[in-house]
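Numbering (full-length UniProt numbering), first residue to last: 1 to 210.
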């Protein structure tokens, strides 16, 4: 973390604090996530999928570090808030705004699908704004390659670190809690697919209109 300066706290959750930061000797501002180590399975998954992605509508992964008590993740600065916060504040959005946001989501999602990556947990909380009318997909902790068994990947991480960060912790589950945006076939126990991502997209577009 010697290459970064940490400024104010942007957001705080149960297992994560998000800071605004800057790369030293530059004017490049970033978001720095300080995450409890028992979230290693999610962060490891995010990093392996995002480290080579490069698209204007996907949050850019920069670096990650490990200290004694935490994992640190450095990403693009997107401090304009999430789509969830915008919907909560405004309710339904103007058609022009919905069109802009919808195009940005579609462009990011299409790029992921071209890389054989399924988002799998697309919802308004994971769509963020960098504050200049550009919206990006982020937080790909539950994403996976097509045909991949994410639960097996989580289980492997859990078993490898059982005597360290997971002592006394339940085995993590590779499933979303945002059921309102989940395709019916997935709720019935089926596999994620491009179609299930598009179902989630449709739910988000409907919510912005409603």
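Glycine residues also receive a C-beta, built at the ideal position from the N, C-alpha and C atoms. No experiment lies behind these values; they were computed from the predicted model shown.
Rounded separation between residue i and residue j - CA only
| i | j | result |
| --- | --- | --- |
| residue 29 | residue 200 | 31 angstroms |
| residue 11 | residue 123 | 18 angstroms |
| residue 154 | residue 48 | 13 angstroms |
| residue 94 | residue 132 | 17 angstroms |
| residue 121 | residue 157 | 20 angstroms |
| residue 36 | residue 4 | 19 angstroms |
| residue 173 | residue 90 | 33 angstroms |
| residue 119 | residue 180 | 16 angstroms |
| residue 74 | residue 165 | 21 angstroms |
| residue 208 | residue 87 | 7 angstroms |
| residue 211 | residue 146 | Outside the displayed range of the chain (1 to 210) lies residue 211, so it cannot be described from this structure. |
| residue 171 | residue 163 | 13 angstroms |
| residue 205 | residue 105 | 10 angstroms |
| residue 85 | residue 195 | 26 angstroms |
| residue 150 | residue 187 | 16 angstroms |
N-terminal and C-terminal residue of the alpha helix (DSSP H) that residue i is part of
| i | result |
| --- | --- |
| residue 151 | 150 to 160 |
| residue 50 | 40 to 50 |
| residue 111 | 95 to 114 |
| residue 209 | 194 to 209 |
| residue 136 | That residue, residue 136, is in no alpha helix (DSSP H); its beta strand (DSSP E) goes 135 to 137. |
| residue 187 | 184 to 187 |
From the options, residue whose alpha carbon lies closest to that of residue i
| i | options | result |
| --- | --- | --- |
| residue 117 | 205, 133, 148, 83 | 148 |
| residue 61 | 194, 78, 172 | 78 |
| residue 63 | 72, 57, 55 | 72 |
| residue 21 | 15, 13, 33 | 33 |
| residue 38 | 70, 58, 141 | 70 |
| residue 25 | 2, 13, 188, 19 | 2 |
| residue 175 | 27, 189, 66, 14 | 189 |
| residue 202 | 17, 27, 182, 192 | 182 |
| residue 19 | 56, 13, 7 | 7 |
| residue 67 | 40, 76, 168, 58 | 40 |
Three-state secondary structure (DSSP) of residue i
| i | result |
| --- | --- |
| residue 55 | coil |
| residue 169 | coil |
| residue 92 | coil |
| residue 86 | helix |
Residue span of the beta strand (DSSP E) that contains residue i, given as start and end
| i | result |
| --- | --- |
| residue 128 | 127 to 129 |
| residue 66 | 61 to 66 |
| residue 177 | Segment: none, residue 177 is in no beta strand (DSSP E) and carries neither H nor E. |
| residue 12 | 4 to 12 |
| residue 16 | 16 to 23 |
| residue 76 | 70 to 76 |
| residue 32 | 29 to 36 |
Interface flag, residue i vs chain D, CB-CB below 8 angstroms
| i | result |
| --- | --- |
| residue 84 | Any reference to chain D falls outside this structure, which holds one protein chain only. |
With contact counted as at least three CB pairs below 8 angstroms, one residue from each stretch, are the stretch 82 to 101 and the stretch 42 to 61 in contact? Cβ pair count under 8 angstroms is below three, so no.
Quick check: the stretch 127 to 138 against the stretch 80 to 88, are there 3 or more CB pairs under 8 angstroms? The stretch 127 to 138 is in contact with the stretch 80 to 88.
On the three-pair Cβ rule with 8 angstroms, is the stretch 103 to 112 touching the stretch 136 to 148? Cβ pair count under 8 angstroms is three or more, so yes.
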